[in-house]
Structure formats: C-alpha cells, structure tokens
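Here's the structure, in structure tokens; my notes come after.
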Amino acid sequence: MNQYDSWQLARQLKAKGFKQVPFGAPADVVIVNSCAVTHVAEAKSRKMLSRARRVNPKGFVVFTGCTAELLLRRGVNLEHADLIVSNKEKHLLVEQICELVCERDFSALPEENLLPYSQPFQEEHDDGVHERIRAFLKVQEGCDKFCTFCIVPFTRGEPRSKPLSQVLEEAEELVYEFGFPEIVLTGVCLTLWGREFGLRLENLLERLHEIEGLKRIRLSSLDPRDIDEGLIRTCAELPKVCHHFHISLQSGDDEILRAMGRNHNCEQFRKIVEAFRNAIPDVAFTTDIMVGFPGETETHFENTVRFVQEIGFTRLHVFRYSPRPGTKAAELTNTVPSEVADERAQRLIELSKELWRKFAERFIGTKQVILVERCLEARENGSDVKFVVSGLTGNYLRVNCRAYEPIHPGTLLTVKFVEIEPERGEVLGDLG
Ligand code: SF4
1472 MNQYDSWQLA RQLKAKGFKQ VPFGAPADVV IVNSCAVTHV AEAKSRKMLS
1522 RARRVNPKGF VVFTGCTAEL LLRRGVNLEH ADLIVSNKEK HLLVEQICEL
1572 VCERDFSALP EENLLPYSQP FQEEHDDGVH ERIRAFLKVQ EGCDKFCTFC
1622 IVPFTRGEPR SKPLSQVLEE AEELVYEFGF PEIVLTGVCL TLWGREFGLR
1672 LENLLERLHE IEGLKRIRLS SLDPRDIDEG LIRTCAELPK VCHHFHISLQ
1722 SGDDEILRAM GRNHNCEQFR KIVEAFRNAI PDVAFTTDIM VGFPGETETH
1772 FENTVRFVQE IGFTRLHVFR YSPRPGTKAA ELTNTVPSEV ADERAQRLIE
1822 LSKELWRKFA ERFIGTKQVI LVERCLEARE NGSDVKFVVS GLTGNYLRVN
1872 CRAYEPIHPG TLLTVKFVEI EPERGEVLGD LG
C-alpha cells in the first residue's frame, strides 16, 4: 500500500517539475511515508524521519502515512518534521509542498544540498523491479473489520473503493504508457473492493483481463472472510490471474482467532484452500501469522504449527504481536514473554523454508512460464553462456536460468525446472 502511495506522490511531484533522488541523497524535499502496522514499523518510521533530517539538515522534511496519522491524533510534536500530513490530507500533500517549498529560500542552502546531488550515499538497494515490471495499483482503501490487534481501521479509515472506470483507466495507463506487463492489485482489504457499487472483486478481474497488453494480474493480501466460490472460479478461469494467493490466517487456533476478532475459523480456511486446489492444481498459498498474541499458550501455538503444515503454505510472513495503543487487544494483560514469542517466530521461519522447499520440489523436471524481470550478462569463462535471466512464475517461484541470447524483461518465457536452491529460495531453470 505504501509503495503504491509513495509511487503516486513521486509521479505527481515529477509532474510539477521535481526530480526524484534515492533516499539518503541530498534533496530539497524529503518525504517519509510512514507505516504503523507494528510498533517496529512505527519505530522504523520515526528513525527514518531523523535520518531524513540528518542527511538534509536544511531541506524540507515531510512526514506522512499511518505513524504521522497516529502522532497527530496523540498530539505528539515531531521536531525533525517541517510538515506532518495525516492520511486524510495526503491528497493535498503535493499542492502543500509546492506552496511551502516555493516560499522557501533555497539559495541559502549549501551547494551539496541542492540538486543534482553530488555526495556519495549508501542506502538500501532497490532493484527497481516494481518500477519496470510489476506495478502496484491501489483499488481500495480503509477497513471496518476491527480485528482486535489492528490499528489500520483507525489510521486508514472506512472502506472505500476506487470506481471501476478509474481503475481501468489507471491500469491502461500503467500498461500502455508506462509499459508494465504485470499489475498487482492492492488495497487495505482488497476483497472489499466494489461493495459500495454492488460489485465484487471478480467483476474487476474480468474487466482488467480484457486489457490486451496486460500479461499478468496479481492479487495482494486476501481476507478469508470474503473469499467465495465465485472469486475462486473467476481466478481459475482467467489465465492472466497469477496462481498465487496470499490469504491472511494470523493463527491456526480457533480460540486465538476468536480473541483476535477474526470471525473465521480453521475449518472455513481449510475449505477455501481445498476449493482453490480443486480449481487450480498448481496454486501456491502464502500467509501472515502472528505469534505471541495475548493468551497464546504452547498448545495454541502447536495447533498453528500443525495447521500451517497441513495447509502447506509456500511462505509465511511471521509477525510478533505488538500492542497498538487504542486497539482492543492492547488492553489484554495475559501477555506472552518476548523471548517466547521470538522462539515461536523462529520456529515458523524455519518451517516456512521447509514448506517452500517441498512446494518447489514438486515442479522439478516440469516446464513453467516465468515473466522475465532482468537479464544480466554472465561471466563464465570458456562457456557459451552469456546471460542470466531471472523471473517469477505465476505461483511466485523465483527462477534463474542461463541464456545464450539476451531476453527482454517483460517476456513470458518457458523454462524447465532443473534444481532448487532452498537457502536462496530460488529455482535453477533451463531453457532447453
Ligand atoms: S481485516 Fe483485520 S487485520 Fe486486515 S486491515 Fe482490517 S482490521 Fe486490520
């Protein structure tokens, strides 16, 4: 969600004549688009803000996103920010920046603080794949499900959907103007898309599927409460829809699911997975699991481990519970010691690797289609191999293979699975 929001902000600012530089490079304006989904995310966001100020002591620093929203509500002042913008006001951000920045006298800034930047910087590597191959398209905002641990309904507000015509227009722009072959549909609660128009996510998929230049459609996180036969059937029938579904589980124990206010149980989840598997045999499932929710005993956790194994997810996103002030769960006192939560998280991370290996192994010797993301020159002395191609299958397996000719990123390419590299979470393929 934040990647999409940041991308939009960057686009709008570029249209106003700004030039984008990597985070950490001297800049006239720095925007920190914060997250607050866990207390770690909140702490990182605040740390980013102080880094932004450190790197640009005299630049104009803007803080927005969910942590900004929370801090504004709590009345906390942030010394490093020149401007704090709530999520509700984010759409005004570009105009505000333009007004405020134009009023500011940048001639007083030291030379290196002006664009183009000249200082070296060391920052996280961004391979920019989402900038070339995979575009995020936010179609929905907000959530009203109020899971007891979650701060998102407070920071992102009521659910609302982007109208169908606007989504289609933006999708066509991404495909035909920017050249993206793949679109990832995102939303705070994607499965709520269209509710206010009497439409459903499958209606959107059908219309997007008609965009000729679009090669793949991926869905981001799905809420099991909203998945039904209709959505599963549509995903199976539309060849551009990737066979990878991230369905948020959180816990594999019914008692903990109830305490989380999730309004689904393991049996319902199992049925969804079965229905998907019947319709799409090579389907891959990933999920989010939260460990250390208040009251989670060893028995509850063991139930989660068993359920995760039974479902056979290909990857787990493991989170340690952290109380988010203002949520129901934050009032619970039966907390789990952090070392216990850490140990449970570690177990699940190991299990995740094992499950990935099992899933990937199934495809060894078979031919699969990848969407090429990059093609780099290979340095193999005495061999004809000149390039290494890397891409993802529809069911989200990363495949690398050698090539004798350059292959253009964005190409759909059939490769044979030769072996898997579990430590890297990658597959070695062959073009032969
Ligand atoms: S469905 Fe639950 S976890 Fe997801 S955003 Fe809504 S409240 Fe948060």
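Take 1472 as the starting number for the sequence shown in this note's numbering and just add one per residue.
For each residue, glycine too, the CB sits at the ideal point set by N, CA and C.
Worksheet entry | Residues with C-beta closer than 7 angstroms to any heavy atom of the ligand SF4, in chain order | In chain order, the residues with a C-beta atom nearer than 7 angstroms to some heavy atom of the ligand SF4 are C1614, K1616, F1617, C1618, C1621, V1623, P1624, V1659, C1660, D1694, S1719.
Worksheet item: Identify the residues that DSSP records as bridge partners of E1814: which are they?
Response: None, per the DSSP bridge assignment.
Item to complete: Kindly indicate which three-state DSSP category E1683 falls into: helix, strand or coil?
Response: coil
Worksheet item: Going by alpha carbons, who is nearest to R1777 out of E1844, D1724, V1638?
Response: D1724
Item to complete: Give me the Cβ distance between A1800 and P1765, rounded to the nearest whole Å; I'm assuming they're in contact under 8 angstroms.
Response: 6 angstroms
Practice prompt. Since I believe T1758 is in contact with H1717 (beta carbons under 8 angstroms), could you give me their beta-carbon distance rounded to a whole number of angstroms?
Written response: 7 angstroms
Practice prompt. Identify every run of the beta strand (DSSP E) within the stretch 1790 to 1857, keeping only runs that are complete inside it and at least 3 residues long; order them along the chain.
Written response: 1838 to 1848
Worksheet item: What residues match up with D1759 in a beta bridge as DSSP calls it?
Response: In the DSSP output, where bridge partners are listed per residue, D1759 has H1788.
Item to complete: Answer yes or no: do C1614 and G1732 have a C-beta to C-beta separation smaller than 7 angstroms?
Response: no
Practice prompt. Starting from the Cα of H1715, find the closest Cα among V1610, Q1721, V1744, R1696 and give me that residue.
Written response: V1744
Worksheet item: What number of angstroms, rounded off, separates the C-alpha of K1857 from the C-alpha of R1748?
Response: CA-to-CA, the gap between K1857 and R1748 works out to about 39 angstroms.
Fill in: Assigned secondary structure, K1742 (DSSP; H/G/I helix, E/B strand, else coil)
helix
Worksheet item: Which residues mark the beginning and the end of the alpha helix (DSSP H) in which F1625 is found?
Response: 1623 to 1627
Practice prompt. Name, in chain order, the residues that DSSP records as bridge partners for R1451.
Written response: No statement about residue 1451 is possible, as the shown extent of the chain runs from 1472 to 1903 and does not include it.
Fill in: Same chain, Cβ closer than 8 angstroms to L1709, five either side skipped, listed in chain order
The beta carbon of L1709 is closer than 8 angstroms to those of L1676, E1677, H1680, I1688 in its chain, skipping five residues each way along the sequence.
Worksheet item: From which residue to which residue does the beta strand (DSSP E) around Q1611 run?
Response: Counted as a single uninterrupted DSSP element, the beta strand (DSSP E) harbouring Q1611 occupies residues 1605 to 1612.
Worksheet item: To the nearest whole angstrom, what separates the beta carbons of K1686 and L1883, a pair I think is in contact under 8 angstroms?
Response: Contact holds; Cβ gap of about 6 angstroms.
Discussion item. Considering only their Cβ atoms, is the gap separating G1900 from V1886 smaller than 7 angstroms?
Written reply: yes
Worksheet item: Among T1770, V1754, K1824, F1834, which has the Cα closest to the Cα of L1787?
Response: K1824
Item to complete: With a threshold of 16 other CB atoms inside 10 Å of the CB of A1512, please say whether the residue is buried or exposed.
Response: buried
Item to complete: Let me know if G1488 comes out buried or exposed under the rule of 16 or more other beta-carbons within 10 Å of its beta-carbon.
Response: exposed
Practice prompt. Between the Cα of Q1483 and those of A1750, V1623, V1789, V1565, spot the shortest distance and give me the residue it belongs to.
Written response: V1565
Worksheet entry | Assumed close pair K1633, V1610 - CB separation to whole angstroms, cut-off 8 angstroms | 5 angstroms
Item to complete: Assuming I1878 contacts T1864 (C-beta within less than 8 angstroms), just tell me the rounded distance between them.
Response: At roughly 15 angstroms, the Cβ-Cβ gap does not stay under 8 angstroms, so I1878 and T1864 are not in contact.
Worksheet item: Could you give the distance in angstroms between the alpha-carbon of Q1637 and the alpha-carbon of S1809?
Response: 45 angstroms
Worksheet item: Of the choices G1797, S1722, K1829, whose alpha-carbon is the least far from that of W1789?
Response: One point to set straight first is that residue 1789 is Val, not Trp, in the sequence displayed. Of G1797, S1722, K1829, the residue nearest in Cα terms is S1722.
Worksheet item: Counting Cβ pairs closer than 8 angstroms, one from the stretch 1690 to 1700 and one from the stretch 1642 to 1654, do we hit at least three?
Response: no
Discussion item. According to DSSP, simplified to helix, strand and coil, what is F1747?
Written reply: F1747: helix per DSSP, three-state reduction.
Fill in: Burial state of R1815, where buried means 16 or more other Cβ atoms lie within 10 Å
buried
Worksheet entry | Segment limits, alpha helix (DSSP H) that includes A1730 | 1725 to 1730
Worksheet entry | DSSP three-state assignment for H1717, whether helix, strand or coil | strand
Fill in: Y1792, buried or exposed, once every other Cβ within 10 Å from all chains shown has been counted against 16
That one is buried.
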